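Asks: Here it is: the structure, laid out below.
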Amino acid sequence: MEVSYAKRKKSLILTLGLATLVIQAIAMRVRAHSTFRVQPPMNIGAWEIKSIPLSSEAMSALGNPDVDGWNYSNALDELVTIQVVSPDTFDAYRNPPILTRFFTAVSAKVIPSKFGGMQQTNFAALADAESKILMMTWVQHRSGTCKPVSSSGEQSLVDRLRINIETLVQPEPYCLVRVYMAVPKWDSDGQQSQRTVRRVADAIQAAGGKKP
Amino acid sequence: MTFLSMLAVVTISAGCQKSADYASPVKPTVADEKAVTDCSAMLPLKAGFSWTFSTVVDQRTFTDVASVRGPLNIGGTTATLVETKRNGQLVLREGYRYAKGQLMLTAFSTSPKSWVVIDPPLILLKDGAMLGDEYRWRGRLRIDGKSIDAFGLSRPSLRESVQTMSAGRFSGIRIDSGLSAPLPNGDRIKYQTTRWVATGIGFIRREYLDRTARRQSNLISFKMK
């Protein structure tokens, strides 16, 4: 009986020690992954970039990770917003508050990236469908390859689980990228907005894939 | 892996967010589409051609007539002058040029005396253009002997079926153009226009940014003689 108790105690200490080591390893791996944030190009054709820090509300909603925010604009006063987020908080995977608070996702599709892997396009609309936002989002590795944040359009528990488990076995640092714009009323089915968002996404993915 | 999965579930659950309900997904992708084969046919510029528009300004409706006047040297570049008059008064002059498979805007003016010369000319459309092609412009605007650095672009954005005021319904190309010149005092010169053009007809609709309001001109009739 005494031997059995000692064995159990030893086994428990061993398990706890192992668990601590695994948690430490996860934390180190997450920290290592969060060292990379892709730098979008300074201009994309006629589009010029401007750094726009995220609001405190947006930062709080994402769990205060390291984030870079930019706007691309052109002479037509069109605006495309970029967020590059370090995956060092679990809330970092959330969609921007403007989408989650005011809009409902109406469609989503996972499509191939020109630079390897997959990405996804989401359409979100207000209840009256008059105002729409188009967003392209993906996980970008340092090598430039991409994978979708989710299969359905909005991240879920399963998606976070999948990405975090993949993190443990994939050594390459990555970041989360979101490119979105309001769809102007004249672009009723979002054709031009899709081209614009896709063009910006392609340019960011190409920049991320460049070898130093 | 099971242990890691459980650990991840416990850790992630704190930040869990409910997924949205999705309607049956449409395909949010767009196919490449050719906008135009021969862009000279999109804006016939023969002297005597004209377009009559209904334009609403400050809740008042006016009739504008845009006429092709013929070639003119504007700021050292030969262009085809298109004049728009309202009740006989000049409201807009534009210089268009078609060369090397490109339709360009070389100058514009809202006054009868001076011109804003676009140097180099702004490309509006190219032969074989695809929808969504963007023509980046960077150069100088020359106004009354002064020269200002500016930037801009032009883009055939959409193919649209346009119902005109009374000339019928036409399939046309929407061309968005914008020029912007920052001034030392923080203001900027902004010239934004949208033209809808149809093969063999030219303008079927026009829209100009006038200060902060957009003035839309809808086609009433056109004359190709």
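These protein sequences, in sequence, are chains A and B.
Sequence positions in the first sequence follow the numbering used here and run 176 to 387.
Sequence positions in the second sequence follow the numbering used here and run 23 to 247.
Positions of the beta carbon are idealized from the N, C-alpha and C atoms, including for glycine.
Every value quoted in this text rests on a predicted model; they were computed, and no experiment measured them.
1) Spell out whether any CB of chain A is found under 8 Å from the CB atom of residue 130 (chain B).
2) What is the C-beta distance between residue 225 (chain B) and residue 88 (chain B), in whole angstroms, given that I count them as a contact (C-beta under 8 Å)?
3) Using the Cβ count rule (16 or more neighbours within 10 Å means buried), how would you classify residue 80 (chain B)?
4) Where does the unbroken alpha helix (DSSP H) through residue 381 (chain A) begin, and where does it stop?
5) Determine contact between the segment 350-360 of chain A and the segment 369-378 of chain A, defined as no fewer than three beta-carbon pairs at a distance below 8 Å.
6) Among the candidates B:77, B:70, B:100, whose CA atom is the shortest distance from the CA of residue 91 (chain B)?
7) Using C-beta distances below 7 Å, list every residue in its chain close to residue 220 (chain B), excluding the 5 sequence neighbours before and after it, in chain order.
8) Just list the beta strand (DSSP E) runs in the segment 287-351 of chain A, keeping only unbroken ones of 3 residues or longer that don't cross its boundaries, in chain order.
9) Roughly how many angstroms lie between the CA atoms of residue 68 (chain B) and residue 95 (chain B), to the nearest whole one?
10) Taking 8 Å as the threshold, find out whether the segment 172-180 of chain B comes into contact with the segment 257-273 of chain A through three or more Cβ pairs.
11) I'd like to know whether the C-beta of residue 367 (chain A) is nearer than 8 Å to at least one C-beta of chain B.
12) I want to see whether chain A comes within less than 8 Å of residue 173 (chain B), judged by CB atoms only; does it?
13) Beta-carbon separation of residue 76 (chain B) and residue 250 (chain A) under 8 Å?
14) Go ahead and label residue 182 (chain A) buried or exposed: buried means 16 or more other beta carbons lie within 10 angstroms of its beta carbon, across all protein chains shown.
15) Once you ignore the five residues that flank residue 305 (chain A) on each side, which residues in its own chain have a CB closer than 8 Å to its CB?
16) Since residue 274 (chain A) is in the alpha helix (DSSP H), which residue starts that stretch and which ends it?
17) Can you name the residues of chain A whose CB is closer than 7 Å to the CB of residue 202 (chain B)?
18) List, in chain order, every chain B residue whose beta-carbon is nearer than 8 Å to that of residue 220 (chain A).
19) Give me the Cα-Cα distance between residue 241 (chain B) and residue 308 (chain A), rounded to the nearest whole angstrom.
20) At least one CB of chain A closer than 8 Å to the CB of residue 138 (chain B): is that the case?
21) Under three-state DSSP, which class holds residue 244 (chain A)?
22) Residues in the segment 217-232 of chain B with C-beta within 7 Å of chain A's C-beta atoms, listed in sequence order?
23) Counting only beta-carbon atoms, is residue 141 (chain B) nearer than 8 Å to chain A?
24) How should residue 55 (chain B) be labelled, buried or exposed, when 16 other C-beta atoms within 10 angstroms of its C-beta is the threshold for buried?
25) Exposed or buried, residue 231 (chain A), counting other C-beta atoms within 10 Å across all chains shown (16 or more means buried)?
26) Would the segment 227-239 of chain B count as touching the segment 236-250 of chain A if we require 3 or more Cβ pairs under 8 Å?
27) Could you give the distance in angstroms between the alpha-carbon of residue 294 (chain A) and the alpha-carbon of residue 125 (chain B)?
28) Quick check: the segment 93-107 of chain B against the segment 128-148 of chain B, are at least 3 beta-carbon pairs closer than 8 Å?
29) Compute every distance between the C-beta of residue 341 (chain A) and the non-hydrogen atoms of the ligand ZN, then say whether any falls below 7 Å.
30) Confirm, please, whether the CB-CB distance from residue 198 (chain B) to residue 179 (chain B) is below 8 Å.
31) Would you grab the beta carbon distance between residue 181 (chain B) and residue 63 (chain B) for me? Rounded to a whole angstrom, and I think it's under 8 Å.
32) If you drop the 5 nearest sequence neighbours on each side, which residues of the same chain put their C-beta closer than 7 Å to that of residue 132 (chain B)?
Replies: In short:
1) no
2) 7 Å
3) By the neighbour-count rule (16 or more Cβ atoms within 10 Å), residue 80 (chain B) is not buried but exposed.
4) Note, residue 381 (chain A): alpha helix (DSSP H), 366-383.
5) yes
6) B:70
7) 192, 193, 194, 226
8) 293-300, 307-316
9) 16 Å
10) With a cut-off of 8 Å on Cβ pairs, the segment 172-180 of chain B is not in contact with the segment 257-273 of chain A, counting fewer than three such pairs.
11) yes
12) yes
13) Against a cut-off of 8 Å, the Cβ pair of residue 250 (chain A) and residue 76 (chain B) comes out as no contact.
14) exposed
15) 360
16) 272-277
17) 250
18) 156, 158, 175
19) 32 Å
20) no
21) strand
22) none
23) no
24) So residue 55 (chain B) ends up on the exposed side.
25) The C-beta of residue 231 (chain A) has fewer than 16 other C-beta atoms within 10 Å across all chains shown, which makes the residue exposed.
26) no
27) 37 Å
28) yes
29) Only the bare structure without any ligand can be found here, which leaves the ligand ZN out of the picture.
30) yes
31) No, residue 181 (chain B) and residue 63 (chain B) are not in contact; Cβ-Cβ is about 15 Å, not under 8 Å.
32) 113, 114
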